[in-house]
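These notes concern the structure reproduced below.
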Amino acid sequence: MVLLVGSTALTGSNISCTAAGCSGNLGVNANALVEVNFTANANTSLTVTTNSWDGPGTPPGSCTICGFDPVLWLFDAGMNQLTKNDDITPITNKNAQITFGLTSGTMYELVLSASDQHWCLANTNCNNVVYSTTGWSNNGNFNGLKDPFAFTFSPSAGAGTFTVGSDLITLTYPVAQGGQAVPEPASLALLLTGGAFLTWRKFAKGAGRA
30 MVLLVGSTAL
40 TGSNISCTAA
50 GCSGNLGVNA
60 NALVEVNFTA
70 NANTSLTVTT
80 NSWDGPGTPP
90 GSCTICGFDP
100 VLWLFDAGMN
110 QLTKNDDITP
120 ITNKNAQITF
130 GLTSGTMYEL
140 VLSASDQHWC
150 LANTNCNNVV
160 YSTTGWSNNG
170 NFNGLKDPFA
180 FTFSPSAGAG
190 TFTVGSDLIT
200 LTYPVAQGGQ
210 AVPEPASLAL
220 LLTGGAFLTW
230 RKFAKGAGRA
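So for the sequence shown, the numbering used here puts the first residue at 30; every next one is plus one.
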């Protein structure tokens, strides 16, 4: 693995990376993303684990120094989602961990976000909202926890496994547009039932005039 050269797009945020991993903080930006672009140098497995949540065993809202609830994502060069993880174990460990088989010569993007941020594909149900464009939901949430929203993530891989092209903390990313809420199942059932009833009434009236 090579040393990373950090760059920052947001005032009050920072990132510092070494061969052991990356650390920093997101300032007060609930929707900031940490983006690390890299190219695999070998066909091997990569595991990335965060320790942003430093209160294992402590439910959200019950501690003051737990940090924030991180989510890890891995995309290919075309921003097709390959894998993600929100919690290693629900409630007891809010840290995130992903493991993925790398293909030598392939470019990837690793993303760290706050909980409840979502990568949404256009015209699909994304966390009960359908957006007309592909992008992030812009709904990151630190669950009321406090500054500095610090993060650390450490990769488990041999030396030279990948080469980092860039790393960045940013709010400049595609945000999904034109969101419409997906009806709750009960509401959808009522709509379908109502539609069927209206169709039946129209048919019945037509039959009565025949």
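Positions of the beta carbon are idealized from the N, C-alpha and C atoms, including for glycine. Please read all numbers here as calculations on a predicted model, not as lab measurements.
{"query": "Runs of beta strand (DSSP E) wholly within the segment 116-202 (minimum 3 residues, chain order)", "result": "126-131, 136-143, 179-185 and 191-199"}
{"query": "CA-to-CA distance, phenylalanine 104 to serine 74, given in whole angstroms", "result": "15 Å"}
{"query": "Alpha-carbon to alpha-carbon, asparagine 54 and asparagine 42", "result": "First, the residue type needs correcting, since residue 42 is serine and not asparagine in the sequence shown. Distance between the alpha carbons of serine 42 and asparagine 54 is about 6 Å."}
{"query": "Three-way DSSP call (helix, strand, coil) for serine 216 in this model", "result": "For serine 216, the predicted model reports a pLDDT of 47, less than 50, meaning its position is unreliable; a value from the coordinates is still stated below. Helix at serine 216."}
{"query": "Test item: CB-CB of threonine 163 and alanine 151 under 8 Å", "result": "yes"}
{"query": "Validate contact between the segment 198-209 and the segment 115-126 using beta carbons, cut 8 Å, 3 pairs", "result": "no"}
{"query": "Residue from Asn72, Ser52 and Asn70 with nearest C-alpha to glutamate 64", "result": "Ser52"}
{"query": "Exposed unless 16 or more other CB atoms sit within 10 angstroms - verdict on leucine 111", "result": "exposed"}
{"query": "CA-to-CA distance, valine 100 to alanine 205, given in whole angstroms", "result": "18 Å"}
{"query": "Contacting residues, own chain, Cβ-Cβ under 7 Å from glycine 194 (five flanking each side not counted)", "result": "Asn66, Phe67 and Thr68"}
{"query": "N-terminal and C-terminal residue of the beta strand (DSSP E) that phenylalanine 97 is part of", "result": "Per DSSP, phenylalanine 97 belongs to no beta strand (DSSP E) and is neither H nor E."}
{"query": "Proximity of alanine 210 and asparagine 157 at Cβ, strictly below 8 Å", "result": "yes"}
{"query": "Which listed residue (Asp116, His147 and Ala106) has its alpha carbon closest to that of leucine 62", "result": "His147"}
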